[in-house]
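As they're listed, the protein sequences go chains A and B. Using the working numbering, the letters of the first sequence correspond one by one to residues 0 to 237. Using the working numbering, the letters of the second sequence correspond one by one to residues 0 to 237. All C-beta atoms, glycine included, are put in the ideal place defined by N, C-alpha and C. None of the values given here were measured: they were computed from a predicted structure. In what follows, a single structure is set out as structure tokens and then discussed.
Protein chains: 2
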Amino acid sequence: MEKETANYSYYFNTLKQSPIFSKIEDDVLHKILRMFHSKKYLKDNYPFTSESTMYNIYVIISGRVEISVMNFDTDREYIIDILGPGDIYDVICLLDKKEHNIIATALDDMELLAAPIEVAREWLYIHPDFNKALLPYLGKQLRHFEESATDLVLYDTWTRLVKLILRNTDNDTGKLSLINNLSHEQIAKMIGSARNVVNRHIQDLKNSQLLSVQRKSLEINNIHKLIEEFKRRNPFLI
Amino acid sequence: MEKETANYSYYFNTLKQSPIFSKIEDDVLHKILRMFHSKKYLKDNYPFTSESTMYNIYVIISGRVEISVMNFDTDREYIIDILGPGDIYDVICLLDKKEHNIIATALDDMELLAAPIEVAREWLYIHPDFNKALLPYLGKQLRHFEESATDLVLYDTWTRLVKLILRNTDNDTGKLSLINNLSHEQIAKMIGSARNVVNRHIQDLKNSQLLSVQRKSLEINNIHKLIEEFKRRNPFLI
DNA sequence: TATCAACTACCACTTAAGTTGCATAACAAT
DNA sequence: ATTGTTATGCAACTTAAGTGGTAGTTGATA
């Protein structure tokens with residue numbers, strides 16, 4: 000991307016807000032940004048695929064992407080992650096050269112940056128800043144997937160649902176962040192459950208006045224009471 | 000560790016076999032190895048803990064460790080990984096400084112090397128070889144945990160069990176490698192199921208002459224027939 | 001070689017959670 | 001406004017898989 004491009008400074012500033020790029024020196028970040036070009040996708044489109052992530056790395060500027068995997072025998076789907084502004088994809092393909100079987104769907108209209116993955120692999124060695132910034136992100140991803148697997152084995156659907164809600168509640172605003180504007184079906188696919196089960200639990204939470212429910216949106220009424228109920232069900236879980 | 004230590008060259012050669020350390024130049028590897036000291040643990044002991052992995056990094060020389068997480072409300076346990084010679088622990092704690100709640104149990108008598116984790120963090124920057132070698136290992140870990148979570152959501156217990164068996168069958172010898180000498184209970188905890196369920200499936204596989212079963216050991220009779228049965232149950236899964 | 005603990009096989013039983021179906025409600029598009 | 005589409009609520013039903021118990025085996029160890 001040329002520095003003269005209309006949105007260049009917009010992209011630059013967005014990256015400066017991102018946890019991955021924020022700590023990179025400006026001159027290095029300029030070098031990195033110059034290798035990207037921008038793309039736009041409308042909601043419900045597929046901004047990248049199992050194939051494209053073999054050859055390109057993407058940085059999300061605005062909007063969210065749902066990353067999911069399918070079992071085509073049972074039509075079951077599992078949403079493994081929802082990425083938002085500042086996130087990189089696919090970090091796994093950056094580290095090795097195998098295919099990664101996923102389906103990426105835009106949850107909103109979105110804008111992203113793409114660069115050849117081979118170029119990004121070089122950054123790891125020629126820009127120590129980039130390398131240094133990426134490592135904690137890898138740690139975060141590792142913890143995320145380990146926790147997902149752990150939760151599926153150790154906790155029931157109610158607990159997984161409430162964990163999801165609590166984890167995505169913005170401490171400042173009290174609103175749900177990344178998982179807002181999702182249907183019960185999508186929420187079910189995130190916690191490895193079924194639409195109906197999620198609906199049952201949400202009704203229960205509504206009836207106990209812990210949640211306010213509107214179409215495609217949840218709001219916690221009283222976070223302390225919700226946590227209390229959570230602890231009542233899982234006393235040993237901190 | 001001093002170069003003159005009795006087992007120094009044994010450790011050095013073991014590291015040279017490991018996927019992580021094998022591609023590191025000898026002189027760098029010597030520098031790294033000098034920061035380690037060796038420890039021995041008997042089967043069923045705890046070679047490291049949630050606390051100790053905050054301050055030390057470990058490399059396994061011989062024997063296996065089972066890494067698990069507990070739900071103390073239900074007494075359910077999930078074995079998230081089994082590590083063997085050449086593996087590093089804890090890679091997550093190397094990348095960030097949060098605690099990692101796990102229980103590590105020696106499955107065999109074992110020998111390992113320990114070094115201060117802060118020192119290992121420096122290697123990432125002062126030894127590009129180490130950094131370069133670690134990245135694919137992180138990719139492997141990421142894929143491992145993502146696959147674990149995915150399998151739990153998308154596939155039933157039979158499929159998860161057979162995937163575990165197939166994944167751990169040595170292509171050369173046809174024998175099970177890391178998961179050998181485990182009880183049904185441990186196998187159940189690895190696939191997020193119950194001892195009884197695993198037993199049922201193993202009996203079925205034995206009765207269809209796909210497996211030979213002995214106390215704490217499984218052997219595949221005919222891998223082609225097993226894969227055939229696997230495909231019959233999961234036609235779309237490659 | 002006797003004792004004990006751990007592992008395995010095989011029951012019968014329970015249940016959380018998945019499945020199906022449909023009616024109503026909300027929203028989106030024209 | 002009308003129509004079509006998607007989301008939600010709710011109830012009846014099914015089932016995979018978990019629970020609990022017991023008896024028999026095996027292997028370790030005293």
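Can you give me the start and stop residues for the alpha helix (DSSP H) that residue i sits inside?
i, result
"B:Leu123", "116-125"
"B:Thr73", "Per DSSP, B:Thr73 belongs to no alpha helix (DSSP H) and is neither H nor E."
"B:Glu227", "222-232"
"B:Leu238", "Examination of residue 238 of chain B is not possible in this model, given that chain B is present from 0 through 237 alone."
"A:Leu236", "Counting along the chain, A:Leu236 falls outside any alpha helix (DSSP H), and DSSP gives it neither H nor E."
"B:Ile91", "90-94"
Could you tell me which residues DSSP pairs with residue i in its beta bridges?
i, result
"A:Asp80", "A:Ile66"
"A:Gln140", "The partner list for A:Gln140 (beta bridge, DSSP) is empty, contrary to what the question assumes."
"A:His36", "A:Ala113"
"A:Ile87", "A:Val58"
"A:Thr244", "Missing from the structure shown is residue 244 of chain A; chain A here goes from 0 to 237 and no further."
Of all Cβ atoms in chain A, is any one closer than 8 Å to the Cβ of residue i?
i, result
"B:Ala119", "no"
"B:Arg142", "yes"
"B:Ile102", "no"
"B:Phe129", "no"
"B:Ile125", "no"
"B:Pro18", "no"
"B:Tyr88", "no"
"B:Glu98", "no"
"B:Phe71", "yes"
"B:Arg63", "no"
"B:Pro234", "yes"
"B:Ile219", "no"
"B:Tyr10", "no"
"B:Val68", "yes"
"B:Gly191", "yes"
"B:Glu24", "no"
"B:Ile56", "no"
Please return the same chain residues whose Cβ sits closer than 7 Å to the Cβ of residue i, not counting the five positions on each side in sequence.
i, result
"B:Thr158", "Arg232, Asn233"
"B:Gln16", "Gly85"
"B:Ala119", "Ile56, Leu93"
Could you tell me whether the Cβ of residue i comes closer than 8 Å to any Cβ of chain B?
i, result
"A:Val152", "yes"
"A:Ala148", "yes"
"A:Pro84", "no"
"A:Pro135", "yes"
"A:Val161", "no"
"A:Asp108", "no"
"A:Tyr77", "yes"
"A:Leu94", "yes"
"A:Gly173", "no"
"A:Glu184", "no"
"A:Glu50", "no"
"A:Ile226", "no"
"A:Ile178", "no"
Per DSSP, what kind of secondary structure is residue i in: helix, strand or coil?
i, result
"A:Asn55", "strand"
"A:Met189", "helix"
"A:Thr149", "helix"
"B:Ser17", "coil"
"B:Leu134", "helix"
"B:Leu175", "strand"
"A:Glu184", "helix"
"B:Leu41", "coil"
"B:Lys97", "coil"
"B:Asn12", "helix"
"A:Ile23", "coil"
"B:Lys30", "helix"
"B:Asp108", "coil"
"A:Asp169", "coil"
Taking 8 Å as the limit between beta carbons, can you name the residues of its chain near residue i, skipping five residues before and five after?
i, result
"B:Asn130", "Trp122, Leu123, Tyr124"
"A:Thr168", "Lys174, Leu175, Ser176, Ile219, Ile222"
"A:Phe11", "Leu28, His29, Leu32"
Span of the beta strand (DSSP E) holding residue i?
i, result
"A:Thr104", "102-105"
"A:Gln202", "Careful: A:Gln202 lies outside any beta strand (DSSP E), inside the alpha helix (DSSP H) at 194-206."
"A:Leu210", "210-213"
"B:Ile219", "216-219"
If I measure Cβ to Cβ from residue i and keep anything under 6 Å in the same chain, skipping five residues before and after, which residues do I get?
i, result
"B:Tyr57", "Phe47, Tyr88, Leu111, Ala113"
"A:Lys22", "Ala132"
"A:Asp107", "Lys42, Gly62, Arg63"
"B:Ile78", "Glu65, Ser67, Lys188, Met189"
"B:Asp80", "Ile66"
"A:Met69", "Glu76"
Taking 7 Å as the cut-off, is the beta-carbon of residue i closer than that to any non-hydrogen atom of the ligand NAD?
i, result
"A:Lys2", "Among the ligands in the structure shown, none appear at all, so the ligand NAD cannot be discussed."
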